[in-house]
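Colleague:
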Amino acid sequence: MIERRFDVQGLRGLAVISIVLFNFFPSLFPYGFLGVDVFFTISGFLTAKSLEFCSFSLYSLARFYLNRARRIVLLILLTILSCAVASAFLRSHDEITKPALLSSFFIMNLLTRTTREEDYYEFLSKADGLFTHLWSLSVEVQFYIIAPALLLIYKPNNKNRWRSFALLTAVSIASLVHNLSASLQNTFASTPARLWQFLMGAMAFHAHLVFSGKMHVSKREPTATGIIILYEFSLLSTMATVCFGDSELNFRLWTTYSVAFMIANVNFKFLHIPSLQTIGEASYCLYLISWPIACVLARFSLIWNFIGMALSVVLAVIMHRYFEKWCTRLPQKDSLMLIGGMYAVTLTAIGTSAYFGRA
Numbered sequence: 001m002i003e004r005r006f007d008v009q010g011l012r013g014l015a016v017i018s019i020v021l022f023n024f025f026p027s028l029f030p031y032g033f034l035g036v037d038v039f040f041t042i043s044g045f046l047t048a049k050s051l052e053f054c055s056f057s058l059y060s061l062a063r064f065y066l067n068r069a070r071r072i073v074l075l076i077l078l079t080i081l082s083c084a085v086a087s088a089f090l091r092s093h094d095e096i097t098k099p100a101l102l103s104s105f106f107i108m109n110l111l112t113r114t115t116r117e118e119d120y121y122e123f124l125s126k127a128d129g130l131f132t133h134l135w136s137l138s139v140e141v142q143f144y145i146i147a148p149a150l151l152l153i154y155k156p157n158n159k160n161r162w163r164s165f166a167l168l169t170a171v172s173i174a175s176l177v178h179n180l181s182a183s184l185q186n187t188f189a190s191t192p193a194r195l196w197q198f199l200m201g202a203m204a205f206h207a208h209l210v211f212s213g214k215m216h217v218s219k220r221e222p223t224a225t226g227i228i229i230l231y232e233f234s235l236l237s238t239m240a241t242v243c244f245g246d247s248e249l250n251f252r253l254w255t256t257y258s259v260a261f262m263i264a265n266v267n268f269k270f271l272h273i274p275s276l277q278t279i280g281e282a283s284y285c286l287y288l289i290s291w292p293i294a295c296v297l298a299r300f301s302l303i304w305n306f307i308g309m310a311l312s313v314v315l316a317v318i319m320h321r322y323f324e325k326w327c328t329r330l331p332q333k334d335s336l337m338l339i340g341g342m343y344a345v346t347l348t349a350i351g352t353s354a355y356f357g358r359a
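Take the sequence shown: its letters are residues 1 to 359, numbered as in UniProt numbering.
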């Protein structure tokens, strides 16, 4: 039976709360966007956890991808469709056609670029596109595509444990060095530059197996594997802090490391708070809908931001209970048919919007 991690759900809740606060009040919560870094680390952890029980076979891979498609694709298409319809009354057609199309196929990160002068906060606080936030989901889905090759082929066991950890560490370090050395313009929404965060989460899962006794190691190294996995990144983060003076990068480094450490140890009961669990369960829905609502209400007075934030939470909980849960329970055949139908409707709506935009 797969262990349910209430602490991870609580971290999801904290992450999406910080993102929502940033969306509606960027000047008051300038580092709220770090919730995205938390999500990336958690995604790596949960992906490694799900692949732990998979074999490298066509059936296992198909099941892995379908499970993610049921949860991710249907909700994002519903969001894109809703925004496309709403934009017909609020914005010009030209503003949404390209980003909506790119978001539908999870390559929105190719369109998301900062200028050389902008930092992370400046770009996001000034962005007003209804689909800007979907760059992170594009990065996440692109990671899911390559995850089995990284985490299944080299899944650690008693025989190949050190070789597997060495490979994942090497890939993570290469990604981290690229993230730190290249310009923000090129790494902001780049999957290779973000890969180290996902792999940090995956390695935290392996460390958790060691700490909890679920991965057997020799008496000479009872917790050595887990300690090396976690603290090698602590060393890297410390070195990066010294070598790179960018406070934003330092925050991202230490956020990722802290989350990985927490989910590897499972000793943080404050994350089990019921309200955090509720928000954590609806975190994906809340992430999807809070940004478009914040964009629409940005031109109005401050009170509308509070109303929009409350509305986002209510809509997210409803969407989670009556659509997201339903989607995840669908049989495989019905899921594929619904995904195909949603794509047909969404692309038709985008095409119609583009047609009237040229008219």
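Each residue gets a CB set at the ideal place from its N, CA and C atoms; glycine is no exception.
Tell me whether P26 sits in a helix, a strand or coil according to DSSP, three-state version.
Modeller: If DSSP states are grouped into helix, strand and coil, P26 belongs with coil.
Colleague: Take A170 as the anchor and find which of L195, L101, L74 and L152 has the nearest alpha-carbon.
Modeller: It is L195.
Colleague: Can you tell me where the alpha helix (DSSP H) holding E281 begins and where it ends?
Modeller: Where E281 is concerned, the enclosing alpha helix (DSSP H) stretches over P274 to E281.
Colleague: Mind checking which residues open and close the alpha helix (DSSP H) that includes Y144?
Modeller: Element bounds for Y144: W135 to L151.
Colleague: Using a Cβ-Cβ cutoff of less than 7 Å, which residues in the same chain neighbour residue 362 once the five nearest sequence positions on both sides are dropped?
Modeller: As shown, the chain starts at 1 and ends at 359. That puts residue 362 outside it, with no answer to give.
Colleague: Output yes if chain D places a C-beta closer than 8 Å to the C-beta of A344; else output no.
Modeller: Within the model displayed, chain D is absent; a lone protein chain is all it includes.
Colleague: What would DSSP say about R52, mapped onto helix, strand or coil?
Modeller: Rather than Arg, the amino acid found at residue 52 in this sequence is Glu. Coil.
Colleague: C83 and F131: beta carbons closer than 8 Å?
Modeller: Their beta carbons are under 8 Å apart, which means C83 touches F131 by this criterion.
Colleague: Could you tell me whether the segment 327-344 touches the segment 62-70, where touching means 3 or more Cβ pairs closer than 8 Å?
Modeller: Yes: at least three Cβ pairs fall under 8 Å.
Colleague: Alpha carbon to alpha carbon, what distance is there between I303 and F53?
Modeller: Distance between the alpha carbons of F53 and I303 is about 49 Å.
Colleague: For the segment 313-325 and the segment 340-354, state whether three or more C-beta atom pairs, one from each stretch, are separated by less than 8 Å.
Modeller: The segment 313-325 is not in contact with the segment 340-354.
Colleague: Take I19 as the anchor and find which of S181, Y343, L81 and V313 has the nearest alpha-carbon.
Modeller: Answer by Cα proximity: V313.
Colleague: Is the segment 135-145 touching the segment 92-106, taking contact as three or more C-beta pairs under 8 Å?
Modeller: Yes, since at least three Cβ pairs between the segment 135-145 and the segment 92-106 fall closer than 8 Å, the two stretches touch.
Colleague: Check V266 in the structure and name its three-state DSSP category.
Modeller: Coil.
Colleague: Here's the rule I'm using: 16 or more other beta-carbon atoms within 10 Å means buried, otherwise exposed. How should A310 be labelled?
Modeller: The residue is exposed, with fewer than 16 neighbouring Cβ atoms inside 10 Å.
Colleague: The alpha helix (DSSP H) that contains H206, what's its start and end?
Modeller: It spans T191 to F211 - the alpha helix (DSSP H) in which H206 sits, taken as one unbroken run.
Colleague: Can you give the Cα-Cα distance for A149 and M203, rounded to whole angstroms?
Modeller: One C-alpha to the other measures close to 15 Å.
Colleague: Distance, Cα to Cα, A189 vs W326?
Modeller: In a straight line, the C-alpha of A189 is about 31 Å away from that of W326.
Colleague: Taking its Cβ as the centre, do 16 or more other Cβ atoms sit within 10 Å of H208, making it buried, or is it exposed?
Modeller: With 16 or more Cβ atoms within 10 Å of its Cβ, H208 is classed as buried.
Colleague: Are there 16 or more other CB atoms within 10 angstroms of the CB of T328, so buried, or fewer, so exposed?
Modeller: Result: exposed.
Colleague: N109: which of F143, N305, Q277 and P274 sits nearest, CA to CA?
Modeller: N109 has its Cα closest to that of F143, out of F143, N305, Q277 and P274.
Colleague: Given that a residue counts as buried once 16 or more other Cβ atoms are within 10 Å of its Cβ, and exposed if not, what is L14?
Modeller: L14 should be labelled buried.
Colleague: Grab the span of the alpha helix (DSSP H) containing S312 for me, first residue to last.
Modeller: Taken as a continuous stretch (DSSP letters only), the alpha helix (DSSP H) holding S312 covers L302 to M319.
Colleague: What did DSSP end up calling S183 once you bin it into helix, strand or coil?
Modeller: Looking at S183 - three-state DSSP - the assignment turns out to be coil, as it is neither helix nor strand.
Colleague: Closest to F306 by C-alpha separation, out of V16, F6, Y284 and F24, would be which residue?
Modeller: Per the Cα distances, F24.
Colleague: Buried or exposed: where does A344 fall if 16 or more other Cβ atoms within 10 Å of its Cβ makes it buried?
Modeller: Looking at its Cβ environment, which holds fewer than 16 other Cβ atoms inside 10 Å, A344 is exposed.
Colleague: Compute the distance between the beta-carbons of F45 and F211, then report whether it is under 8 Å.
Modeller: The answer is no: Cβ separation not under 8 Å.
Colleague: Helix or strand or just coil, what does DSSP make of R71?
Modeller: Residue state, collapsed to three classes: helix.
Colleague: Provide the residue span of the alpha helix (DSSP H) that contains T328, from first to last.
Modeller: Per DSSP, T328 belongs to the alpha helix (DSSP H) from K325 to T328.
Colleague: Quick check on the burial criterion: 16 or more other C-beta atoms within 10 angstroms. Buried or exposed for F165?
Modeller: When all chains shown are included, F165 counts as buried.
Colleague: Leaving out five residues on either side along the sequence, give the residues of the same chain with a beta carbon under 7 Å from the beta carbon of C285.
Modeller: Hits under 7 Å: L75, A316, M319, H320 and E324.
Colleague: In the structure shown, what three-state DSSP assignment does P99 receive?
Modeller: Helix.
Colleague: On the premise that I263 lies in contact with L11, defined as a C-beta separation below 8 Å, what is that separation, rounded to the nearest angstrom?
Modeller: With 8 Å as the limit, L11 and I263 qualify as a contact, their Cβ atoms being about 7 Å apart.
Colleague: Return the Cβ separation of G35 and V16 in integer angstroms, given the expectation that the two are a contact with Cβ distance under 8 Å.
Modeller: With a Cβ gap of about 6 Å, G35 and V16 count as contacting.
Colleague: Does the beta-carbon distance from F300 to Y31 come in below 8 Å?
Modeller: Result no, Cβ atoms of F300 and Y31 do not sit closer than 8 Å.
Colleague: Can you list, in chain order, the residues of its chain whose CB lies under 6 Å from that of K219, leaving out five sequence neighbours each side?
Modeller: Since pLDDT at K219 reaches only 45, below the 50 mark, its modelled position is unreliable, and the value read off the structure follows with that caveat. Same-chain partners within the cutoff: there are none.
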